[in-house]
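Novice:
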Amino acid sequence: MGFGSFAMVGSDGLRLTCAMIQRPEPDLVGVIGLGLMGTAITERLLDHNYRVAVWNRTREKAAPLLARGAVWSDNPVACCQRVIISLYTSDIVAEVLQQMETGFQPGQIIVDTTTGEPEQTAALGGRLAARGVQYLDAPISGSSEQTRRGEATVIVGGDRAAFDACADLWPVLGRNVFHVGPCGSAARMKLISNLVLGLNRAVLAEGLAFAEAIGVAPAAALEVLKGSNAYSRAMDVKGRKLVERDYTVQAKLSQHLKDVRLMLQAAGTAGLPLPLTETHARLLEQAEAAGLGELDNSAIQEVLRLPGGKRES
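For the sequence shown, this note's numbering gives the first residue as 786, with consecutive numbering after it.
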């Protein structure tokens, strides 16, 4: 069995390494990918007293988590019975798991929170099942900040027994948890959720830009909207950020554009036009072209506020 470089201090004060572990440990949870969401997930696990082994392409991102008690592993799959993945695309998930496949053990559970392409997700689940590894696609609906506060929704696809075996993890990852069917089902449901969520956010941004253009203070408009039938949870999550033009990242604009392209691809395969989503994609592309891609997805309002999407200096 191949093991990664891994070390931690046990309760008896001894320094343990992967070489000392004969099989994945049931109480050690791995996290692969330390972007915004992966970091928030790791922080939640640490807050709930889990032992966590982390991996990221760039080790520097792990430093704050290591300082909080997480430990580094070159291959969390080799040391952990359960591994949570949070990466950018399905392609990257498959690539990273291929690099770590020497650590696979029958009965392991991989929980993939990546917002991925449904067919690729289902195919990956089949390949892992052939190795005796149980795979759950479990994308999270909500920003990294909502996840950090325990307010997100987790949508899960995969074997029901594997889902039940992670019953302790679901309340850590989110407030609401839905098991929606076999592998790939959650990826489809997440695209549906993100379609509606993204349009709610874009509509709110346009509404507040409209308010300002006709002489109504955006803050006042937001207060009325929250108390009217126009209300959506996007107002709670993004309202203040839009009013204050605070684009500190909770979820990157470019990442949502990636998701919107997945929606359009899936809809195209199904033969269904998505005219509102097509418009949303164009707005996001304009924002990305204006250099806003690495900012929070609420920065879409900058292409709505001024003619031609030009930002104020």
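No residue lacks a Cβ here, since even glycine has one placed at the ideal position from N, Cα and C.
Any idea what DSSP makes of T843, helix, strand or coil?
Specialist: Correct three-state label for T843: coil.
Novice: Compute the distance between the beta-carbons of P924 and G943, then report whether it is under 8 Å.
Specialist: It is not a contact, given that the beta carbons lie outside the stated cut-off.
Novice: Less than 8 Å between the beta carbons of A994 and L1089, yes or no?
Specialist: Yes, these two residues count as a Cβ contact at 8 Å.
Novice: So L1027 and Q1086 are supposed to be a Cβ contact under 8 Å. How far apart are they, rounded?
Specialist: Their Cβ separation, rounded to whole angstroms, is 6 Å, which keeps L1027 and Q1086 in contact under 8 Å.
Novice: Let's see if you can read the secondary structure: which residues bound the alpha helix (DSSP H) around D859?
Specialist: First-last for D859: undefined, no H or E at that position.
Novice: Which ranges does the beta strand (DSSP E) cover as unbroken runs of at least 3 residues, wholly within the region 897-949, from first to last along the chain?
Specialist: Runs found: 919-922, 938-942.
Novice: Go through its chain and collect everything with a Cβ distance to S970's Cβ below 7 Å, but skip five positions before and after it.
Specialist: Taken in chain order, the residues that qualify are G942.
Novice: In three-state DSSP terms, what is Q867?
Specialist: What sits at residue 867 in the sequence shown is Arg, not Gln. Correct three-state label for R867: strand.
Novice: Please report the straight-line C-alpha distance between F963 and V957, rounded to a whole angstrom.
Specialist: Using only the alpha carbons, I get a separation of about 14 Å.
Novice: Within the chosen definition, does the region 929-936 reach the region 820-827 through at least 3 CB pairs nearer than 8 Å?
Specialist: At 8 Å Cβ cutoff, the stretches touch.
Novice: Under 6 Å Cβ to Cβ from A1004, same chain only, skipping five residues before and after it: list those, please.
Specialist: Contacts found: V1028.
Novice: Please report the residue range of the beta strand (DSSP E) in which F963 lies.
Specialist: From DSSP, the beta strand (DSSP E) with F963 extends over 961-966.
Novice: Look at the Cβ atom of L989, then the Cβ atom of A1036, and state whether they are nearer than 8 Å.
Specialist: Not in contact: L989 and A1036 (Cβ atoms no closer than 8 Å).
Novice: Considering only C-alpha positions, which residue in the set E845, T1033, V837, H1041 is nearest to S978?
Specialist: Measuring from the Cα of S978, the nearest candidate turns out to be H1041.
Novice: To the nearest angstrom, how far is the alpha carbon of G910 from that of Y920?
Specialist: Roughly 5 Å between the two C-alpha positions.
Novice: So, are the CB atoms of L980 and M885 less than 8 Å apart?
Specialist: No, Cβ-Cβ distance for L980 and M885 is not below 8 Å.
Novice: Quick one, are the C-beta atoms of A1006 and A996 less than 8 Å apart?
Specialist: The answer is yes: Cβ separation under 8 Å.
Novice: Could you check whether the region 834-843 touches the region 888-895, counting it as contact only if at least three pairs of C-beta atoms, one from each stretch, sit closer than 8 Å?
Specialist: The region 834-843, when compared against the region 888-895, does not touch it at the 8 Å Cβ threshold.
Novice: Residue range of the alpha helix (DSSP H) that M885 falls in?
Specialist: No alpha helix (DSSP H) holds M885; DSSP gives it neither H nor E.
Novice: Grouping DSSP H, G and I as helix and E and B as strand, with all else coil, what is I826?
Specialist: I826 falls in the helix class under three-state DSSP.
Novice: As a quick exercise: from N1082, N860, R1046, S871, pick the residue whose alpha carbon is nearest that of V1022.
Specialist: Selected option, being the one with the closest Cα: N1082.
Novice: Since G1039 is in the alpha helix (DSSP H), which residue starts that stretch and which ends it?
Specialist: Residue 1039 is actually Ser in this sequence, not Gly. Where S1039 is concerned, the enclosing alpha helix (DSSP H) stretches over 1038-1055.
Novice: Just to confirm, is the Cβ distance from L1080 to Y1016 under 8 Å?
Specialist: No, these two residues do not count as a Cβ contact at 8 Å.
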